[in-house]
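All letters in the sequence shown, in the order written, are residues -17 to -1, 1 to 131 by mature numbering (1 follows the signal peptide of the UniProt record, and there is no 0). Below: one structure, written as structure tokens.
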Amino acid sequence: MTSIYAILFTTCMLLSAAYLQNKPKPMDLNKYMWENRVLLLFTPDAQNEEYTKQKTNISTNAKGLPERDMVLIDIEGDDVLRVNGEVQTGENGKHLREQFSVAPDAFTILLLGKDGTEKYRSTNAVPVEDIYTIIDQMPMRQQEMRKQ
């Protein structure tokens, strides 16, 4: 009888470990602090009108992204997470929605400074030049431009 309990216990532990190993982890934005400005694009799905407008806006003048040390993170629903266009496996954006109070059915743009704080938020697509202007007015960016 004891061996049956031991087998059941071991099986439960193995199943739990397998589940936890495959469970997506929340994305950690701390790895970008002091190195990058992060532009978060939250969308319920890839067909969202504001999201497609914003992606078009960015693609028309994307050369300004690396110049400003920007990382673009797309959060589509809770499950699809892209960093600079590359799908991140094993990570999800659900906790980012919670952290920044973005509803699952909402489109939201969020700009984070290199210090990790929120600098700009919009629920509508905006010209990427407007985002660049906001960044270029930041003291840290002003300092970077003087050094160039």
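Here a beta-carbon is modelled for each residue, glycine too, at the ideal position from N, C-alpha and C.
Verify whether the separation of the beta carbon atoms of L12 and I114 is less than 8 Å.
-> The answer is no: Cβ separation not under 8 Å.
C-beta atoms of residue 193 and N19 nearer than 8 Å = Limits of the chain in this structure are -17 at one end and 131 at the other, which puts residue 193 out of reach.
Straight-line CA distance for R51 to K130?
-> Cα to Cα, R51 sits roughly 13 Å from K130.
What three-state label does DSSP hand T116 in the structure shown?
-> Note: T116 maps to helix in three-state DSSP.
Which residues bound the alpha helix (DSSP H) around M53?
-> No alpha helix (DSSP H) contains M53, which is instead part of the beta strand (DSSP E) from 53 to 59.
For T43, the three-state DSSP class (helix, strand or coil) | Residue state, collapsed to three classes: helix.
When DSSP builds the beta bridges, which residues end up paired with residue 136?
-> This structure does not reach residue 136, given that the chain is present from -17 up to 131, and the question cannot be answered.
CB-CB under 7 Å to Y2, same chain, minus the five flanking residues each way: which ones, in chain order?
-> Confidence is the limiting factor: at Y2 the pLDDT is only 43, short of 50, which leaves the residue's position unreliable, though a coordinate-based value still follows. Closer than 7 Å at Cβ, skipping near neighbours: no residue.
Measure how close the beta-carbons of K38 and D61 come, nearest whole angstrom, since I'm counting them as under 8 Å.
-> With a Cβ gap of about 19 Å, K38 and D61 do not count as contacting.
Within its chain, find whatever has a CB closer than 6 Å to the CB of V111; leave out the 5 residues flanking it on each side and keep chain order.
-> Taken in chain order, the residues that qualify are N40, I41, N44.
Just to confirm, are L24 and D57 a CB contact at a threshold of 8 Å?
-> Closer than 8 Å, so yes.
Between the C-alpha atoms of N75 and V63, what's the straight-line distance to the nearest angstrom?
-> Each residue's Cα considered, the two are about 6 Å apart.
Grab me the residues of S105's own chain with a C-beta within less than 6 Å of its C-beta, minus the 5 sequence neighbours each way, in chain order.
-> Only I92 meet the Cβ criterion.
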